[in-house]
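In structure tokens, the structure reads:
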């Protein structure tokens with residue numbers, strides 16, 4: 397049987413899988429129930445002919461039975477596995493070949509099953525301090541590992557092992573707690589922490605390889621920007637930055653097998669494009685002498701604290717970046733002001749790249765105008781706005797006669813010019829409405845008010861100003877808070893009277909009232 401490839405890596409007609417079960421008691425000198433490893437023929441589901449059992453130091457254990465149903469835990473290989481090895485290791489070191497106490501070479505040749513050979517003894521370990529284990533005793537892990545790259549690394553399938561306690565001389569017992577595949581320590585932390593702006597919500601996620609669960613922390617000596625936190629279980633860095641400036645910290649990803657870390661640094665920006673103009677009690681005010689007429693520079697004495705620095709110069713009234721300047725060796729910075737017009741200016745120095753634009757030195761000076769320079773003088777302007785304070789309504793027509801109207805017929809007549817004047821000191825807007833009574837005659841007969849229809853319109857030759865609107869029906873017009881001036885707003889309406897088909901004959905009268913109401 398060729399068992400060079402295991403589990404899901406099948407090359408030969410007969411597939412072989414390594415499985416684990418916990419079924420039978422140990423030999424007489426081991427009283428606890430022990431997990432055991434068996435080599436199983438995946439072709440027919442039976443144990444190999446020799447009922448191969450992985451056990452300790454020549455103690456033959458009972459087999460679980462002839463069928464695969466007796467085996468409960470499958471531990472398959474992965475496509476990157478090229479071999480298998482067995483080992484003795486200190487607890488916690490199962491996943492690191494370099495830390496194994498002793499091991500086989502994992503070289504599986506056709507028709508051999510040396511990893512699971514019957515009557516496995518300590519002398520079966522080809523490398524390491526197996527003799528010292530037997531002589532001195534101690535707590536160890538006994539297990540096997542899928543390997544790759546000619547047995548130099550552990551494959552993705554990892555390892556399977558059980559705990560054992562060895563007494564000096566070789567007597568042993570199983571640890572009643574067996575372990576699954578050992579944890580893989582994190583090796584790489586990925587993700588970014590950048591693009592932070594003061595006052596803007598921020599969230600980015602850090603990730604790491606290795607076996608979950610992974611716990612996240614910040615390494616001593618660094619800290620997140622103010623307002624942010626690192627979620628210990630998810631690796632999410634989130635919050636709202638509360639202050640600008642540089643930051644530097646190291647994130648650490650940790651699991652039961654080890655840890656990995658990554659350093660992060662950057663700057664939290666304020667979102668500002670330049671410094672705010674200093675004035676009054678602003679800090680770091682210095683004495684900048686007014687330049688002589690025709691001078692192209694001013695000297696800003698920023699002091700010894702800024703000796704040897706390169707700073708950025710800004711000027712106002714309109715904020716202007718005057719570029720970078722270097723001191724004279726004594727903290728005095730000469731700033732070119734040739735681009736500034738004559739007049740009063742404020743000048744300030746900041747550190748280039750400072751997201752907060754913290755002002756290191758500032759003062760106000762006056763540049764004397766030269767011939768040809770723009771010059772300015774201020775003239776105070778005043779004006780008083782007055783109004784006529786008029787508020788009036790005038791309907792020119794005092795009577796509208798529809799004449800003779802046959803039953804079930806209509807006659808239309810104009811209402812005539814209606815003038816609204818709103819030139820009040822305080823403008824509020826208004827509504828112009830119409831209302832009318834039923835039509836009656838001397839004999840006591842009545843025609844309902846609905847016999848009259850009103851269609852408002854602007855008076856001929858008048859165009860309503862912005863804010864004045866012609867209405868419909870009984871609402872003739874309306875206005876927002878605009879003045880009609882003293883000339884007023886002019887309206888009219890088509891009045892249509894329809895005689896009912898069952899009306900009594902006779903002369904009928906009604907009264908129409910127009911009303912101007914302030915809003």
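In our numbering, the protein residues as written are 397 to 915.
The beta carbon of each residue, even a glycine, is placed where N, CA and C say it ideally should be.
Using a Cβ-Cβ cutoff of less than 7 angstroms, which residues in the same chain neighbour residue i once the five nearest sequence positions on both sides are dropped?
| i | result |
| --- | --- |
| residue 893 | 798, 801, 806, 807, 847 and 848 |
| residue 490 | 537, 539, 555, 557 and 578 |
| residue 941 | The structure shown does not extend to residue 941, since the chain spans only 397 to 915, so no value can be given for it. |
| residue 792 | 812 and 813 |
| residue 605 | 582, 583 and 584 |
| residue 532 | 564 |
When DSSP builds the beta bridges, which residues end up paired with residue i?
| i | result |
| --- | --- |
| residue 719 | 709 |
| residue 827 | 874 and 913 |
| residue 649 | 612 and 656 |
| residue 729 | 696 and 723 |
| residue 635 | 598 and 624 |
| residue 536 | 560 |
| residue 786 | Residue 786 is not bridged to any residue. |
| residue 550 | 543 |
Looking at residue j and residue i, is the spacing between their C-beta atoms short of 7 angstroms?
| i | j | result |
| --- | --- | --- |
| residue 623 | residue 637 | yes |
| residue 877 | residue 824 | yes |
| residue 855 | residue 887 | yes |
| residue 686 | residue 762 | yes |
| residue 833 | residue 907 | yes |
| residue 711 | residue 755 | no |
| residue 658 | residue 647 | yes |
| residue 635 | residue 612 | no |
| residue 664 | residue 696 | no |
| residue 640 | residue 601 | no |
| residue 759 | residue 684 | yes |
| residue 912 | residue 826 | yes |
| residue 680 | residue 751 | no |
| residue 903 | residue 837 | yes |
| residue 819 | residue 783 | yes |
| residue 673 | residue 753 | no |
Buried or exposed: where does residue i fall if 16 or more other Cβ atoms within 10 Å of its Cβ makes it buried?
| i | result |
| --- | --- |
| residue 644 | exposed |
| residue 777 | exposed |
| residue 660 | buried |
| residue 706 | exposed |
| residue 543 | buried |
| residue 559 | buried |
| residue 734 | exposed |
| residue 521 | buried |
| residue 498 | buried |
| residue 580 | buried |
| residue 698 | buried |
| residue 692 | exposed |
| residue 480 | buried |
Give every residue of the same chain whose Cβ lies closer than 6 angstroms to the Cβ of residue i, excluding the five residues on either side of it in the sequence, and list them in chain order.
| i | result |
| --- | --- |
| residue 708 | 720, 746 and 748 |
| residue 914 | 824 and 826 |
| residue 864 | 875 and 885 |
Cβ of residue i less than 7 angstroms from any chain C Cβ?
| i | result |
| --- | --- |
| residue 626 | Within the model displayed, chain C is absent; a lone protein chain is all it includes. |
Closer than 8 angstroms by C-beta to residue i: which residues in its own chain qualify, once you throw out the five before and the five after it? Chain order, please.
| i | result |
| --- | --- |
| residue 909 | 830, 831 and 832 |
| residue 866 | 852, 853, 854, 860, 872, 873 and 887 |
| residue 524 | 484, 496, 497, 498 and 499 |
Quiz prompt | Validate contact between the segment 716–728 and the segment 644–651 using beta carbons, cut 8 angstroms, 3 pairs | solution = no
Quiz prompt | Cβ contact (3+ pairs, closer than 8 angstroms) linking the segment 559–569 and the segment 585–595 | solution = no
Practice problem: Taking 8 angstroms as the threshold, find out whether the segment 894–901 comes into contact with the segment 858–867 through three or more Cβ pairs. | Solution: no
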